[in-house]
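Below you'll find the structure, written out as structure tokens, and then a few comments.
In the numbering used here, the protein residues as written are 2 to 321.
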């Protein structure tokens, strides 16, 4: 079942819908036939995903997207753009993958659908990946894209309204980008944030730490979360810094945010805590809690996934 508030019913296993139960069984079956993901090098994982052999359903490259290099303040970043005529807004998308894998063109079908269904331009950021390019390369690239968009959206796309969002590491980078823009007094064009099962505390929250050494099978394990974190944050990094753990930041004046997470996700607490912090600073926030759903559940087609997509679309339409 899907809940839009924090209540005990959202965490009751009796409320796991049939399709989510079947999804979890399918994920467990797939994982039983492959080595643990944290034992596989990142470049190998990236090649597997690129070639459509990963656990997540592959998405064919779209013919309707344009790759482009944009520049702001002598900093350049590649983006992937789905353009339409007379858009209502721009969706600045930041992909997931633990800051170490993934790419702007690996969710083409989903982003093309967002563009068509919501009548918007979609711009996905091709930020640099760790461990080759550790923190702060990724947030620097996302900030560059956001600043370019603030200054050029009207001229380029005939709209100044922007929604920012992403999944997992992409949600982290979205929150970090918003806080960087706030420091520059440039939040005005951002009308909302779509934050899907994000990681907001690099020190790791209880829902993650308590699964250390667990025999349960999760799509995103404690070991993989730690590997992502340690590969991204190299050297003497203050893990309590808001630029690293955005839950530590001053969230006053943030745009309305929608947090989406499944109760089986090891990053569950990140969303629950960040949702509460968003509200505590006087910023508007909504939440979608999917009982029993694992990390990346929305990558798999189901009735519940479709309902979640509809709720996300409704939220975005309500804030632009």
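Here a beta-carbon is modelled for each residue, glycine too, at the ideal position from N, C-alpha and C.
As the structure is a prediction and not an experimental result, all values here were calculated from the model.
Nearest to residue 7 by alpha carbon, out of 140, 223, 291? 291
Who does residue 121 pair with in a DSSP beta bridge? 90
For residue 322, which option in 9, 295, 159 has the closest C-alpha, if you only look at C-alpha atoms? The structure shown does not extend to residue 322, since the chain is modelled only from 2 through 321, so no value can be given for it.
Residue 134, DSSP secondary structure in three states: coil
Helix or strand or just coil, what does DSSP make of residue 259? If DSSP states are grouped into helix, strand and coil, residue 259 belongs with the strands.
Assign residue 70 to buried or exposed, taking buried as 16 or more other Cβ atoms, counted over all protein chains shown, within 10 Å of its Cβ. exposed
Just mark residue 65 as buried or exposed, buried being the case when its beta carbon has 16 or more other beta carbons within 10 Å. exposed
So residue 1 is in the alpha helix (DSSP H); what residue range does that whole segment cover? Here the chain has residues from 2 to 321 only, and residue 1 is not among them.
Using the Cα positions of residue 160 and residue 88, report the straight-line distance between them to the nearest angstrom. 7 Å
Spell out whether any CB of chain B is found under 9 Å from the CB atom of residue 141. Although the question refers to chain B, the structure presented lacks it and comprises just one protein chain.
Per DSSP, what are the beta-bridge partners of residue 69 in this structure? 80
Is it buried or exposed for residue 108, if we count other Cβ within 10 angstroms and need 16 for buried? buried
Locate the beta strand (DSSP E) running through residue 166, then write down its first and last residues. 163-168
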